[in-house]
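These notes are about the structure you will find just below.
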Amino acid sequence: MPYYSSRQETVPDGYLYYTSDDDDGDDDDDDDDDDDDDDDDDDDDDDAFYVIKLKNIVVAVAVAVAVVVEVVEVVVVAVVVVVVVVVVVVVVVVVVVVVVVVVVVAVSAATTKTAVVVVVIVVLIVQLCRSHYITIDDDDDDDDDDDDDDDDDDDDDDDDDNDEDDYDDTGNGFRNINW
Numbered sequence: 001m002p003y004y005s006s007r008q009e010t011v012p013d014g015y016l017y018y019t020s021d022d023d024d025g026d027d028d029d030d031d032d033d034d035d036d037d038d039d040d041d042d043d044d045d046d047d048a049f050y051v052i053k054l055k056n057i058v059v060a061v062a063v064a065v066a067v068v069v070e071v072v073e074v075v076v077v078a079v080v081v082v083v084v085v086v087v088v089v090v091v092v093v094v095v096v097v098v099v100v101v102v103v104v105v106a107v108s109a110a111t112t113k114t115a116v117v118v119v120v121i122v123v124l125i126v127q128l129c130r131s132h133y134i135t136i137d138d139d140d141d142d143d144d145d146d147d148d149d150d151d152d153d154d155d156d157d158d159d160d161d162n163d164e165d166d167y168d169d170t171g172n173g174f175r176n177i178n179w
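In the UniProt record's numbering, the protein residues as written are 1 to 179.
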């Protein structure tokens with residue numbers, strides 16, 4: 001019956017070497033030779049088994065690492081996309097709000113300034129027209145007065161009893177007429 005060896009052998013964790021060496025002192029060379037041949041075959045099989053097992057472990061670890069890297073990459077890309085979208089949306093919303101506020105303030109200020117400028121221009125035009133009109137009226141009134149004086153002289157000379165000539169069309173009412 002094979003027994004576990006007390007020798008320390010280099011084996012992967014979780015695996016044990018066992019031998020069928022007889023330590024009871026019998027020197028059966030034939031049996032020992034046969035056992036040695038069997039042990040060599042077993043060692044080769046064990047080595048092949050360990051190599052296959054190691055390859056499987058390496059492949060499994062590589063696949064696991066690749067899967068983890070892919071998952072992490074997808075998660076990182078998704079997080080980056082979400083963060084970029086959120087930042088872009090927030091920045092766009094903030095920029096749009098700022099632009100709208102600036103435009104509204106600018107339009108309001110421009111409208112207010114324009115309204116003030118228009119009112120000032122209208123007031124100035126009205127004042128200019130009014131002062132010019134008054135000046136023209138004053139000149140006309142002076143001319144009318146001169147004409148009226150001439151008319152008075154003519155009326156006095158002609159002694160005309162026409163009521164139309166007696167009415168002043170400048171709005172001052174009837175002239176003094178010596179009856």
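Ideal Cβ positions, reconstructed from N, Cα and C, are used throughout, including at glycine. Predicted model, so just to flag it, every value in this text is computed and none were measured.
- Pull up the distance between the alpha-carbon of Ala-106 and that of Val-120, whole angstroms please. What you label residue 106 is simply residue 106 of the sequence shown in a count that begins at 1. What you label residue 120 is simply residue 120 of the sequence shown in a count that begins at 1. Taking the CA atoms as reference points, Ala-106 sits about 20 Å from Val-120.
- Message: Could you compute how far the alpha carbon of Ala-115 sits from the alpha carbon of Val-99?
- Response: For the purposes of this step, residue 115 is identified with residue 115 of the sequence shown, where counting begins at 1. For the purposes of this step, residue 99 is identified with residue 99 of the sequence shown, where counting begins at 1. Between the alpha carbons of Ala-115 and Val-99 lies a gap of roughly 23 Å.
- Message: Please classify Val-59 as buried or exposed, where buried requires at least 16 neighbouring CB atoms within 10 angstroms.
- Response: For the purposes of this step, residue 59 is identified with residue 59 of the sequence shown, where counting begins at 1. By the 10 Å Cβ count, Val-59 comes out exposed.
- Message: Taking 7 Å as the limit between beta carbons, can you name the residues of its chain near Asn-56, skipping five residues before and five after?
- Response: As a position in the sequence shown, residue 56 is number 56, starting the count at 1. So the list is empty, once near-sequence residues are dropped.
- Message: For Val-83 and Glu-70, what's the separation of their Cα atoms in angstroms?
- Response: Looking up residue 83 in the sequence shown gives position 83. Looking up residue 70 in the sequence shown gives position 70. So the alpha carbons of these two residues sit roughly 19 Å apart.
- Please report how far the alpha carbon of Ser-108 lies from the alpha carbon of Val-74, in whole angstroms. Reading the sequence shown from its first residue, position 108 is the one you call residue 108. Reading the sequence shown from its first residue, position 74 is the one you call residue 74. The alpha-carbon of Ser-108 is positioned some 49 Å away from that of Val-74.
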